[in-house]
Amino acid sequence: MSAASEWDELRQLATDQGICMSGYHNLNHVVEIPFHLAELLEIPPATKVKLRIPRSDSLTVVERVWPDEGAVLDALAGLRGIADTPRCFVRREGFSVHEYVEGTALSQLCPPGKPLESRYLDQIVGQLAAFTRVPASALPPLPEEWAHDRDCRAFLRGRAQFAEREVRSANWPEFGPLFTALGVPESASRELRDRLSVMERRPFALLHADVHRDNLIVRADGELCLVDWELAMWGDPLHDLAIHLVRMGYPRDQESEVVERWRRSVEQVRRDAVRGLDDDLPAYIAYERAQSLFADTMRVARALGPHPESGQVGAGAYLVREALRVAAEPLWLAGVPTLTEVARALVGWCRHADRHAAPVTAGRGPSTWTGR
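In the working numbering, each residue's number is its place in the sequence shown (first place is 1) plus 3.
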């Protein structure tokens with residue numbers, strides 16, 4: 004049997020018998036690798052591997068600079084100062100085979116909203132600081148139009164342009180009526196992009212761009228392993244810090260502690276990488292909160308389906324309203340609808356057969372739709 008056929012056989016085995024863990028971007032099937040393939044990879048027999056299959060139904064709500072996650076993991080393997088990242092064993096058309104990291108997601112041990120222990124904070128900020136040591140030459144090539152090193156305003160503007168073009172504008176025909184009903188004008192993200200001010204010049208670095216509790220695996224020895232590198236990119240390290248702060252769900256009184264720990268840790272590696280931190284970090288946080296509103300709302304609405312149950316609507320409305328609350332200031336929203344109004348808007352969007360129809364105003368608060 005050829006090597007290609009053997010990996011196709013593993014894919015079949017994983018999809019038939021493996022444990023499936025669905026993510027936003029990939030379907031992950033965990034399975035014990037057969038003996039003959041373990042020998043080929045020079046790993047112990049019965050080792051668990053993770054077969055990753057890109058989802059064809061995922062919404063474009065985040066930027067993927069390097070489409071080949073395996074190439075990023077290959078580049079990071081063995082780099083000085085980078086904690087053990089999962090290995091990518093095989094890259095095939097339509098799937099890849101990765102090391103499965105044994106352990107427990109940090110979100111299960113310490114859910115969002117709970118403060119993290121110092122031992123975990125030290126590891127997280129230490130790893131973010133270590134990313135500033137990685138040279139661009141060690142990573143896959145960047146798009147030609149990518150911002151030049153240290154041009155932080157151009158970097159953030161590029162991310163905002165992507166969000167406006169590929170996330171907001173591209174999805175507006177389908178989701179525009181819902182956002183209008185929620186009080187989010189069509190021009191909101193474009194105006195945020197245009198308000199970006201001059202920033203300090205900081206050296207660019209490797210960014211994971213998705214460091215949150217679900218992507219941090221606590222091994223048996225208490226060490227953290229950072230997984231899911233599909234959103235990695237190259238740019239201003241403040242972008243990684245802002246994404247981490249917004250998605251991590253720290254208690255408010257711990258956020259400032261994390262920022263100061265990050266400052267001290269990065270200063271020991273690249274002192275100029277913290278230049279302008281206090282002035283520029285709020286701009287990155289504002290951008291992340293704004294773009295998360297579009298991503299979270301579209302994902303919630305799509306997941307509800309045409310006939311959502313009341314419990315699903317309630318949970319989805321809570322998530323969307325929270326996203327509206329934190330995005331209201333950076334997007335200059337006129338107000339935040341009530342939980343009931345958000346739920347009504349979601350149900351109206353889900354049930355309406357023609358999602359391109361314009362909403363009809365009904366009473367106070369956001370607009371809704373007529374019909375059944």
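Where a beta carbon is used, it is the ideal one built from N, C-alpha and C, also for glycine.
Note that this is a predicted model, so its numbers are computed, not measured.
Query raised in the report: Can you tell which of P285, L131, A331 and D213 has the C-alpha that lies nearest to the C-alpha of I85?
Result: L131
**Report entry** Simplified DSSP assignment, three categories, for G319
**Finding:** helix
Requested in this report: Report the residue from D239, H247, A208 and R255 whose alpha carbon sits nearest the alpha carbon of L159.
Outcome: D239
Query raised in the report: Between the beta-carbon of V68 and the beta-carbon of M251, is there less than 8 angstroms?
Result: no
Query raised in the report: How far does the alpha helix (DSSP H) with R264 in it reach, from first residue to last?
Result: R255 to E270
**Report entry** C23, buried or exposed, once every other Cβ within 10 Å from all chains shown has been counted against 16
**Finding:** exposed
Requested in this report: Please determine if the segment 169-176 and the segment 341-356 are in contact, where contact requires at least 3 C-beta pairs separated by less than 8 angstroms.
Outcome: Touching, no.
Report task. Go to P176, then tell me how far its alpha helix (DSSP H) extends in each direction, as first and last residue. Result -> A173 to A184
Requested in this report: Return helix, strand or coil for V230, following the three-state DSSP convention.
Outcome: coil
**Report entry** Where the alpha helix (DSSP H) through H3 begins and ends
**Finding:** The displayed coordinates of the chain run from 4 to 375. Any statement about residue 3 would go beyond what the structure contains.
Query - Residue burial classification, H215 (beta-carbon count within 10 angstroms, cutoff 16) - result: buried
**Report entry** Continuous alpha helix (DSSP H) stretch holding E169: start and end
**Finding:** Run containing E169: none; DSSP gives neither H nor E here.
Query raised in the report: Would V323 pass as a contact of E291 if the rule is Cβ separation under 8 angstroms?
Result: no
Query raised in the report: If you pair each beta-carbon of the segment 18-33 with each one of the segment 185-203, do three or more pairs fall below 8 angstroms?
Result: no
Query raised in the report: For W175, which residues from the same chain have a beta carbon less than 8 angstroms from its beta carbon, with the 5 sequence-adjacent residues on both sides left out?
Result: For W175, same chain residues with a beta-carbon under 8 angstroms away, outside a window of 5 residues either side, are F182 and E189 in chain order.
Query - Backbone CA spacing between D1 and D281 [nearest angstrom] - result: Since the first and last residues shown for the chain are 4 and 375, residue 1 lies out of range.
Query raised in the report: Who are K51's beta bridge partners in DSSP?
Result: K51 is bridged to E35.
**Report entry** According to DSSP, residues forming a beta bridge with L109
**Finding:** Note: L109 sits in no beta bridge, so no partner.
**Report entry** CB of W232 within 8 angstroms of CB of H247, strictly
**Finding:** Contact annotation: W232 and H247 have beta-carbon atoms that are not nearer than 8 angstroms.
Report task. Excluding the 5 residues preceding and the 5 following Q378 in the sequence, name in chain order all residues of the same chain whose CB lies nearer than 8 angstroms to its CB. Result -> Outside the displayed range of the chain (4 to 375) lies residue 378, so it cannot be described from this structure.
Query raised in the report: Mind checking A289: buried by the 16 CB within 10 Å criterion, or exposed?
Result: buried
Query - Contacting residues, own chain, Cβ-Cβ under 6 angstroms from A330 (five flanking each side not counted) - result: Once the five neighbours on either side are set aside, the close Cβ partners of A330 are R292, A293 and L296.
Query - R250 in three-state terms, based on DSSP - result: helix
Query raised in the report: What's the C-alpha gap between L40 and H32?
Result: Here the alpha carbons of H32 and L40 stand approximately 16 angstroms from one another.
Report task. State the Cα-Cα distance for the pair Q126 and E258, rounded to the nearest angstrom. Result -> Taken atom to atom, the span from the alpha-carbon of Q126 to that of E258 is near 16 angstroms.
Query raised in the report: Taking only runs of the alpha helix (DSSP H) that begin and end inside the segment 184-218, which ones reach a length of at least 4 residues, in chain order?
Result: Restricting attention to alpha helix (DSSP H) runs no shorter than 4 residues, the segment 184-218 encloses them at 191-197, ordered along the chain.
Query raised in the report: Can you tell me whether DSSP reads R278 as helix, strand or coil?
Result: coil
Query raised in the report: What are the boundary residues of the beta strand (DSSP E) that includes I22?
Result: I22 to S25
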